[in-house]
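Q:
Residue numbers (our numbering), protein chains in the order written: chain A, 370 to 743; chain B, 370 to 743; chain C, 370 to 743.
In structure tokens, the structure reads:
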């Protein structure tokens, strides 16, 4: 069976499938007046280059192992072993996502803009080594686990972070519409009196290594995160939004800040018969009703988003960021995608100042992506 | 045909098979009184993440290429080309193991504890770039080759080590028992007046980067190694042991030390019908008689080991290490494995001293592993 | 279908094929009298270890993703997405070769010596991230594109090189002979007043990290390259040659040098029925008429080459290098290869001086390679 690449299956429960994705990006971010950085202006990059495998083993076992080599280095992404004693329950051990929120749990192959909303990057959402359980029953999905840290960070022998992460989703069908509401909580102990966190994010696209919104490293003992998420899909239309709070317990008498990020998004397919995929508590693949190669033009979608991030609280001034974004997404076939998006990004009390000391300004960002996956 | 992953075969001698393994570890090592290291206590890590391929090419040729990305970097493991003019003879060129000894030649997928006996790590057993021949006839296996160094170390242009390595195995069936006796010799010229070697090993498990037994770097011109090995498998029972001597030729008038490592091990399957695999001069895969998924519980094995390492000789004081270890190994199916092991590790004149200057102490280590391979 | 590895194909335009190559090298380069470098003398290395995949997606899309891990690191080689609106036209986006010249466009699996002619390395021919189009009609091939830089170099945020590259090939069949003539032009803007280029090359083989011919870093604003190429294949015989000029626009009043490299080569198969492969404007795979494994001995070829490089102009004295080379190539089967080559390398005003200050000397180099690909 072909799912981008061939999935080989045996008669007794075996399966094996290669996995991969290529995302090629180019883009440009304007500089605020009186601000100069070599990363601004035109840039191009290999955004992601995943290669991996996944498979099933008789007895209810499975695995996925995938790495990203885009930076000419090895970054381990999903790398885990699963055991499913029943259809409803899956236990997972390894490097995987701690159930952050709707957009973070949605594959980067299927998100609405080239980059996810600012909160996902700013609050350090990443895959971590852990042990988790997932339970689904009708429209409900419950997920929870205990995690240490990203496998790369665990190479540091002194690393002893650990966290508890859980998420609940209620996703009923309403007529022919798909509803989704959910929430997640995250508690992490840095387990070390002398540790720190840093929240920051690039301006709308990924090519420049510039972060106008940036708390800098701030001393920390614990992180507590809360997220709310909602979405609705009806035929060509979808709307979705999230709100996340991230509280940092700082040592001693230092005040504990709570940062906030959220977004609201709506999108519409312009081509007849197309809709966003949804499965298991996250958006899924778009399968064009009339793909290129079968006499059609593929699926064309327009998305609008307002994205807000507030990194200012309790004496920490990392900036506020408002993004007004629009994306045009062309999906010629199930496994190919071209994206063009534009964002107007407004900063208030940003981390980076212009030559005249100004920290409140706006930049414009435009990005394109060509994508294939299998 | 499924061997964890599908092996694709052509009608005329072609074959191709993906390869991979995932080992997830967690564990804890206690600290001696008055000793502190951030690596001790609880730790977790991705122990191994191999991905690779192997295949056969008509005309008697073959290849294997596999890398370990567990450390978020590329470590080349088996990467070689083979040519077999007949069933009995195989020539191998590339990065492969210089026929160290029974446990080192046994895949880490099939060893009795999460880590091999101390001597294998301490004496620097590793894969190296070389050219070798292997000959088998009835119960005899003869292996020998000439090697330079690990392919990663060869990136250093000044590296000009070379070695001769050979091993002989006699492995007759005695009734329905499998006997194994063997020996190996290793001679290595560091080829440089100003070079050094370092012998050291972690305490029983791999998560902490702490070595209580450690010679430090000692000046050296040549290494000479000798190993003896024996094993016996009878139904659910196995016993095995090895003894290795490593002599270092040091420059000028400095005395030449000989270090020693050895172990003795016995194990028993608690589940009916299970036995250790053996093939080609090494232990092989355990295939449970009643695997999970076919109404069974898999194979459960208990192993006991005494493991000794002596890094004290001729003025070098790297410590003596005694490990009393016990392991519980659950093999639900042919390609999955869970291990729990405990070791009491006793040091005499260790390399690391406690706050009070004590170098003779004991630590306790416990480790767990979840493993899948294909 | 087997092409070294199995190519899996679906009924509707899907295909998927693993890719890989292993090249194991050993060799020796003599030192000029009174010159010492730890890289000279015997050396061994894993020259290339590629692993990757390629596939086709219904609708005219395709991809290739391959990395070289030989240096125990990730080097991205071909990593691109293609779209073919018709048989004659292919659009390519990603990391690929900017149509340098005949030998550089020929896979390293199929070149006549273990290393390509000096000009290919010296002038920095490499894969780069870009967008290109290729058009073929009868004996004509036209290729052109716009490129930024190698994906690894793009990790440097300040990188803003870009180039235009084009190549034309006319390759008619003349009787049963294959003719090839072509030319290419390359224009690159370094886009930065303070940038530099460096042209240099190893002596004939790759094991030592020594470059006797080396311009050092020279300040530069733009590069302009021109190449001419010709080849002829008739049964067991082939002849080929190229000439490339590389002009560097240097800042301000500094004189602009033009460097030159070229080679002439002839080869002959000693085994009956064998010939060099040719396809799409480049040499292709040798498929022995009587391979090992089917009662034959494979293909044996002898190649002779004169290779010239001149890195001296306009005040830059990087040395002149003349190589007189001979190669013996044994191709047991379509996907295996053994090479032995010898080169006498003569330097004039080389970059590296002997103890007595001499910069004009000669060295001898011999190299062997074992190769498998799939």
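A virtual CB, placed ideally from N, CA and C, is assigned to each residue, including glycine.
This one's a predicted model, so the numbers in the text were calculated from it and none came from an experiment.
(1) Determine the DSSP secondary structure at residue 523/C, reduced to helix, strand or coil.
(2) Give, in chain order, every residue of the region 647 to 681 of chain A whose Cβ lies closer than 7 Å to some Cβ of chain C.
(3) Please classify residue 705/A: does DSSP put it in a helix, a strand, or coil?
(4) Please list the partners that residue 527/B has in chain C, where partner means a Cβ-to-Cβ separation under 8 Å.
(5) Judging by CA-CA distance, which residue of 413/C, 582/C, 712/C and 444/C is the nearest neighbour of residue 522/B?
(6) Below 8 Å on the Cβ atoms is my guess for residue 538/A versus residue 509/A; work out the distance and round it to an integer in Å.
(7) Cα-Cα, which of 426/C, 482/C and 377/C is closest to residue 741/A?
(8) Taking 8 Å as the cut-off, does the region 441 to 460 of chain B touch the region 552 to 559 of chain A (at least 3 CB pairs, one atom from each stretch)?
(9) Would you kindly check if the distance between the Cβ of residue 434/C and the Cβ of residue 420/A is under 8 Å?
(10) Does the distance from the CB of residue 492/A to the CB of residue 712/A come in under 8 Å?
(11) Just how far apart, CA to CA, sit residue 500/A and residue 446/A?
(12) Give me whichever residues DSSP pairs with residue 696/B in a beta bridge.
(13) Return helix, strand or coil for residue 609/A, following the three-state DSSP convention.
(14) 8 Å is my cut-off, CB to CB: does residue 582/C come that close to chain B?
(15) Comparing the C-beta of residue 699/A with each C-beta of chain C, is any distance below 8 Å?
(16) Closest Cβ-Cβ distance between residue 502/A and chain B: below 8 Å?
(17) Do you know offhand how far residue 466/B's Cα is from residue 660/C's?
(18) For residue 639/B, tell me which candidate among 651/B, 607/B, 484/B and 476/B has the shortest Cα-Cα distance.
(19) Quick check: what's the CA-CA separation for residue 477/A versus residue 484/A?
(20) At the 8 Å Cβ level, is residue 434/B part of the contact set with chain C, yes or no?
(21) According to DSSP, which residues form a beta bridge with residue 482/B?
(22) Using a Cβ-Cβ cut-off of less than 7 Å, give me the residues of the region 379 to 400 of chain C that come near chain B, in sequence order.
(23) By how many angstroms is the C-alpha of residue 568/C removed from the C-alpha of residue 584/C?
(24) Can you find the residues in the same chain that come closer than 6 Å, C-beta to C-beta, to residue 700/B, ignoring five residues on each side of it along the sequence?
(25) Taking the Cβ atom as the reference point for each residue, do residue 507/B and residue 598/B lie within a distance shorter than 8 Å?
(26) Evaluate residue 543/A with the Cβ neighbour count: other Cβ atoms within 10 Å of its Cβ, from every protein chain shown; 16 or more gives buried, anything less gives exposed.
(27) Could you compute how far the alpha carbon of residue 566/B sits from the alpha carbon of residue 652/C?
(28) What does DSSP give as the partner residues of residue 556/A in its beta bridges?
(29) Under 8 Å between C-beta atoms, does residue 413/A make it to chain C?
(30) In this structure, does DSSP put residue 489/A in helix, strand or coil?
(31) Cα separation between residue 519/A and residue 619/A?
(32) With the cut-off set at 8 Å, would you say residue 581/A and residue 693/A are in Cβ contact?
(33) Ends of the alpha helix (DSSP H) at residue 471/A?
(34) Quick test of your reading: residue 535/B and residue 468/B, contact by CB under 8 Å. State the CB separation rounded to the nearest angstrom.
(35) I think residue 347/C touches residue 548/C, with their Cβ atoms under 8 Å apart; what is that distance to the nearest whole Å?
(36) Measure from the alpha carbon of residue 631/B to the alpha carbon of each residue in 709/B, 472/B and 571/B, then state which is nearest.
A: Quick look at the numbers:
(1) Reduced to three states, the DSSP call for residue 523/C is helix.
(2) Within the region 647 to 681 of chain A, the residues whose Cβ lies closer than 7 Å to some Cβ of chain C are 660, 661 and 662, listed in chain order.
(3) Correct three-state label for residue 705/A: strand.
(4) The answer, in chain order, is 407 and 408.
(5) 413/C
(6) Rounded, the Cβ-Cβ distance is 7 Å, consistent with contact.
(7) 426/C
(8) Contact annotation: the region 552 to 559 of chain A does not touch the region 441 to 460 of chain B, with fewer than three C-beta pairs closer than 8 Å.
(9) yes
(10) no
(11) 16 Å
(12) 672/B and 710/B
(13) strand
(14) Look at residue 582/C: its C-beta is not under 8 Å from any C-beta on chain B.
(15) no
(16) no
(17) 30 Å
(18) 607/B
(19) 8 Å
(20) yes
(21) Bridge partners of residue 482/B: none, in fact.
(22) 387, 389, 391 and 393
(23) 5 Å
(24) 655, 657, 667, 668 and 706
(25) no
(26) exposed
(27) 47 Å
(28) 533/A and 593/A
(29) yes
(30) helix
(31) 22 Å
(32) no
(33) Here the alpha helix (DSSP H) through residue 471/A covers 471 to 474.
(34) 7 Å
(35) Since the first and last residues shown for chain C are 370 and 743, residue 347/C lies out of range.
(36) 472/B
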